[in-house]
Amino acid sequence: MQEGSINDKLKCVFGYTSFRAGQEELINALMNGRDVLGIMPTGAGKSLCYQLPAIMSAGVSIIVSPLIALMNEQVMSLCKKGVKAAYLNSSLTLHQQEMVINNIAEGMYKLIYAAPERLQNEAFIRVCAGLDISLIAVDEAHCVSQWGHDFRKSYLKISEFIKALPRRPVIGAFTATATKQVGADIIKYLELDEPMRVCTGYARFDLRLAVVHPKSMRSREKELTKILDSHKDECGIVYCSLRSTVDELYERLKDMGYPVARYHGGLCSAERTENQNLFLSDKTKIMLATNAFGMGIDKNNVRFVVHYNMPKDIESYYQEAGRAGRDGKGADCIMLYMPNDIGINEYLINNRDTNDEPTPNMKNQLRRAAKLRLNAITDFCNTRACLANYILDYFGEGADAPCGHCSSCEAREKTRKKARKIT
Ligand code: ADP
Ligand code: MG
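Residues in the sequence shown are numbered consecutively from 210, following the working numbering.
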């Protein structure tokens with residue numbers, strides 16, 4: 210592949226002036242035929258790491274992604290840039306799928322986005338066998354691990370698909386969050402060959418993390434209104450574990466005159482879109498939501514994220530809290546932890562509907578892993594250690610000095626001052 214032209218493509222196709230952390234290394238490795246594992250936070254620019262090599266390679270690239278909405282969005286934006294891309298997923302009619310398959314066979318596309326289940330589809334496998342495939346990129350690669358927070362059985366079949374190809378293309382795996390265990394599973398189950406591992410780090414010391422321990426449901430609500438009052442006229446998200454909590458808070462806060470919108474899976478899609486747009490356009494400052502809200506949301510002026518309940522794991526917390534302060538101007542991430550949140554999450558773990566029926570054995574393993582993750586976030590809520598460092602440690606990244614502005618660090622500082630006064 211041509212040297213030096215990566216930068217040209219970056220400018221002329223994508224319109225960017227420079228690479229972000231990790232991108233160039235990952236792109237160069239892939240272009241040199243080396244497998245990669247890229248761990249970069251949401252919004253860091255993982256897509257470019259496979260799109261650019263895909264555009265510059267001789268053959269076709271297949272991008273595996275479980276997120277239909279994001280897939281469609283990326284294809285649209287690539288087509289606007291003049292790149293020939295298509296997606297194959299359940300949002301297309303059968304007839305449309307057939308047309309795409311025919312076009313693939315005729316070599317119409319450089320990039321093909323496919324849901325993981327597609328890789329087990331006979332017609333798709335047959336067509337792919339006749340293509341010159343340069344690269345397979347696996348987005349959201351943590352889905353391959355039963356220790357991860359979003360396991361999908363179909364991810365385990367990706368390696369079978371690759372093995373059935375006449376020639377093994379280079380493989381890139383990407384995710385925002387991977388503990389050591391999950392990282393090892395990605396390498397093992399995707400059968401990455403001595404991949405170059407790039408992790409741009411989990412540190413978000415710009416965020417002020419806090420855990421508050423309200424003594425009652427009433428004081429939990431009081432704490433919330435206190436936070437909202439201290440962030441008047443600023444944008445923020447309030448995450449709740451249950452749809453019913455979102456609805457109750459929505460009614461009460463609206464009655465009190467707070468500018469709130471809501472979002473959860475129980476609302477019809479028109480209402481969800483409308484509410485999301487209200488928030489994105491700053492017309493409504495506060496979004497009350499379940500974890501259904503936020504994927505693919507690129508809003509940089511979120512000044513605070515409140516977890517009204519403890520979320521199910523550190524991975525979810527990190528993703529959700531991480532939606533604050535994207536503009537780098539600092540933000541507050543406050544968790545209103547009460548011990549009964551553990552029960553809510555246990556209930557959700559035991560009653561979760563999974564998207565691709567795992568075997569009973571897998572189901573047990575997934576529950577066990579979910580409970581371990583729940584234990585970790587419960588520890589996080591009760592720790593006296595620096596909260597930012599707790600997260601770094603969880604993801605296996607060496608932590609150094611305490612952040613100095615999380616609730617644990619502030620509490621420590623307070624006791625120290627008190628002690629100084631006494632002596
Ligand atoms: P991720 O998949 O890691 O969450 P995306 O690939 O969706 O992130 O990229 C997030 C945003 O960053 C997108 O709007 C993308 O256009 C932008 N972006 C990516 N790389 C660069 C770059 N080198 N320079 C400027 N913007 C970039
Ligand atoms: Mg992405």
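Even glycine gets a Cβ: it sits at the ideal position worked out from N, Cα and C.
Treat the numbers as computed from the prediction; the structure is a model and nothing was measured.
- Distance from the C-beta of S256 to the nearest heavy atom of ligand 2 is below 7 Å.
- Nearest to Y296 by alpha-carbon distance, out of S266, S274, A350 and A578, is S274.
- In this structure, ligand 2 has a non-hydrogen atom nearer than 7 Å to the beta-carbon of D348.
- Taking a contact as a CB-CB distance under 8 Å, the pair M280 and Y322 counts as one, their CB atoms being some 4 Å apart.
- In the DSSP secondary-structure assignment, A346 is bridged to I272 and G381.
- Distances from the alpha-carbon of E430 to those of N509, H516, V511 and G381 put H516 closest.
- Rounded to whole angstroms, K630 and Y225 show a C-alpha spacing of 55 Å.
- Within 7 Å of the C-beta of Q329 there is not a single heavy atom belonging to ligand 1.
- Contact check for E403 and V421: beta-carbon distance about 46 Å, past the 8 Å limit, so the pair fails to qualify.
- Taking all protein chains shown into account, R377 has fewer than 16 neighbouring C-beta atoms within 10 Å of its C-beta and is therefore exposed.
- For I334, the secondary structure class from DSSP, reduced to helix, strand or coil, is helix.
- Judged by DSSP in its simplified three-state form, Y225 adopts coil rather than helix or strand.
- By the 16-neighbour rule on beta-carbons within 10 angstroms, M547 is buried.
- Look at Y527: its beta carbon is at least 7 Å from all of the heavy atoms in ligand 1.
- Contact between V222 and K290 holds, with the beta-carbon distance rounding to 5 Å and staying under 8 Å.
- In the structure shown, the three-state DSSP call for G392 is helix.
- Assignment of H516 by DSSP, reduced to helix, strand and coil, places it in the strand class.
- Looking at the DSSP output, R471 bridges to L497.
- The C-alpha of A267 lies about 42 Å from the C-alpha of D522.
- Annotated three-state conformation of L340 is coil, per DSSP.
- The Cβ atoms of P262 and L287 lie no closer than 8 Å to each other.
- For V455, the enclosing alpha helix (DSSP H) stretches over residues R452 to D464.
- Of the candidates R243, G531, I248 and N311, I248 places its Cα closest to the Cα of G605.
- Excluding its 5 nearest sequence neighbours in each direction, R532 has C-beta neighbours in its own chain below 7 Å: I446, G503, I506, V511 and V514, listed in chain order.
- Annotation: the continuous alpha helix (DSSP H) that includes V309 extends over L303 to A314.
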